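K.L.:
Take this structure, written in structure tokens, and hold onto it; I'll ask about it next.
2 protein chains.
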Amino acid sequence: MIEKTFLGEFEQMVLLAILRIGDEAYAVPIRGEIEERAERRVSRGALYTTLERLEAKGFVESAMGSPTPERGGRSRRIYAVAAPGLEALENSRAAMANLWQGLDSVTDESR
Amino acid sequence: MIEKTFLGEFEQMVLLAILRIGDEAYAVPIRGEIEERAERRVSRGALYTTLERLEAKGFVESAMGSPTPERGGRSRRIYAVAAPGLEALENSRAAMANLWQGLDSVTDESR
DNA sequence: TCAATTAGGCCTACAATGTGAACATTGTGC
DNA sequence: GCACAATGTTCACATTGTAGGCCTAATTGA
């Protein structure tokens with residue numbers, strides 16, 4: 117069996133944000149999505165570096181879009197999750213799920 | 117509001133493994149639990165280093181147990197998750213859950 | 001036309017976390 | 001006492017996470 121691929125936590129968040137957004141997934145909304153959902157601050161630099169690394173590893177693909185007609189609206193780099201990215205994401209999800217299995221009651225989550 | 121604390125992925129795994137094991141949570145079974153549940157190889161060094169760091173941050177507590185009467189059975193360092201560790205674990209879980217929300221169907225998980 | 005302003009990309013240095021390999025210690029068994 | 005087993009510990013290095021600042025392309029409006 118080939119070793120499964122895993123992702124860092126922030127990398128996972130970025131991939132998930134891209135999936136959530138769908139088309140129009142470029143840096144600004146990706147950042148917003150993570151900050152909102154994970155309630156955690158994300159610096160722009162952190163995001164771009166991570167996107168670059170994800171692309172280098174083949175987990176996402178990107179292409180420049182066309183400029184938008186807003187003030188200052190320059191071209192956006194649009195991202196999409198590639199197949200290996202989906203797979204890695206699923207691996208990570210499954211791993212954590214297996215470890216959480218049966219422990220939900222331990223942290224007194226409000227469910 | 118005080119900034120919430122989050123954990124790296126491996127750190128989460130270690131904490132979860134300790135919780136799963138309960139008493140008798142020392143390095144060897146912790147490692148086994150992670151390798152089994154997450155289907156991922158864990159080097160002993162990686163684990164000890166991470167445990168040390170978790171303890172330094174107050175997320176786990178440890179104490180040496182007594183030697184066991186097995187061949188080579190020297191003292192084990194027994195770990196327990198401390199309150200801040202539980203909290204951080206829950207924060208991390210919630211953050212990822214929020215991002216996964218509604219995306220379960222995207223990765224064609226086998227359920 | 002051009003300065004101000006805005007949106008967005010990109011670079012760079014550094015901090016934190018993850019990892020493997022080797023070494024150290026303390027037991028048992030003979 | 002010597003070999004071997006079970007743990008623990010150390011350390012250097014790789015990968016990932018993070019902040020901050022810089023660069024560029026677009027709109028506006030005088």
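Those protein sequences? They're chains A and B, same order as listed.
Going letter by letter, the first sequence gives residues 117 to 227 in this note's numbering.
Going letter by letter, the second sequence gives residues 117 to 227 in this note's numbering.
From the three backbone atoms N, C-alpha and C, an ideal C-beta is built for every residue, glycine too.
Since the model is a prediction, treat every value here as computed from it, not as a measurement.
Select from A:Gly-124, A:Arg-160, A:Phe-122 and A:Val-130 the residue whose C-alpha is nearest the C-alpha of Asn-214 of chain B.
P.N.:
When each option's Cα is compared against that of Asn-214 of chain B, the closest is A:Val-130.
K.L.:
At a CB distance below 7 Å, what residues from the stretch 148-177 of chain A approach chain B? Give them in sequence order.
P.N.:
The stretch 148-177 of chain A vs chain B, Cβ under 7 Å: Arg-153, Ala-154, Glu-155 and Arg-156.
K.L.:
Express the C-alpha separation of Leu-170 of chain B and Asn-207 of chain B in angstroms, rounding to a whole number.
P.N.:
Cα to Cα, the separation comes out at about 16 Å.
K.L.:
What does DSSP give as the partner residue(s) for Met-180 of chain B in the beta ladder?
P.N.:
According to DSSP, Met-180 of chain B bridges with B:Arg-193.
K.L.:
List the endpoints of the continuous alpha helix (DSSP H) containing Ser-159 of chain B.
P.N.:
Careful: Ser-159 of chain B lies outside any alpha helix (DSSP H) and carries neither H nor E.
K.L.:
Would you decide whether Ser-226 of chain B is buried or exposed? Buried here means 16 or more other CB atoms lie within 10 Å of its CB.
P.N.:
Since pLDDT at Ser-226 of chain B reaches only 43, below the 50 mark, its modelled position is unreliable, and the value read off the structure follows with that caveat. Counting Cβ neighbours within 10 Å, Ser-226 of chain B comes out exposed, since fewer than 16 surround it.
K.L.:
If we ignore side chains and look at the alpha-carbon of each, how far apart do Ala-172 of chain A and Met-180 of chain B end up?
P.N.:
So the two alpha carbons sit approximately 45 Å from each other.
K.L.:
Is the shortest distance between the beta-carbon of Glu-125 of chain A and the beta-carbons of chain B less than 9 Å?
P.N.:
Output row for Glu-125 of chain A: interface = yes.
K.L.:
Where does the unbroken alpha helix (DSSP H) through Gly-218 of chain B begin, and where does it stop?
P.N.:
Careful: Gly-218 of chain B lies outside any alpha helix (DSSP H) and carries neither H nor E.
K.L.:
Return helix, strand or coil for Leu-202 of chain A, following the three-state DSSP convention.
P.N.:
The answer is helix: DSSP assigns Leu-202 of chain A an H, G or I state.
K.L.:
Going by the CB atoms, is the gap between Arg-156 of chain B and Ala-211 of chain A shorter than 9 Å?
P.N.:
Yes.
K.L.:
Beta-carbon of Ala-211 of chain A versus every beta-carbon of chain B: anything under 9 Å?
P.N.:
For Ala-211 of chain A, the answer is yes, since a Cβ of chain B falls inside 9 Å of its Cβ.
K.L.:
Roughly how many whole angstroms lie between the Cα atoms of Ile-194 of chain A and Val-144 of chain A?
P.N.:
Rounded to the nearest angstrom, the two C-alpha atoms are 10 Å apart.
K.L.:
Below 8 Å on C-beta distance, what does Ala-198 of chain A contact in chain B?
P.N.:
Simply none; closest approach about 13 Å.
K.L.:
Strictly under 9 Å for the Cβ-Cβ distance: is Ala-141 of chain B near chain A by that measure?
P.N.:
For Ala-141 of chain B, the answer is no, since every Cβ of chain A falls outside 9 Å of its Cβ.
K.L.:
I need the boundaries of the alpha helix (DSSP H) containing Arg-136 of chain B, first residue and last residue.
P.N.:
Where Arg-136 of chain B is concerned, the enclosing alpha helix (DSSP H) stretches over 125-137.
K.L.:
Can you give the Cα-Cα distance for Ser-159 of chain A and Leu-135 of chain A, rounded to whole angstroms?
P.N.:
So the alpha carbons of these two residues sit roughly 20 Å apart.
K.L.:
Starting from the Cα of Tyr-164 of chain B, find the closest Cα among B:Leu-123, B:Gln-217, B:Glu-127 and B:Leu-202 and give me that residue.
P.N.:
Answer by Cα proximity: B:Glu-127.
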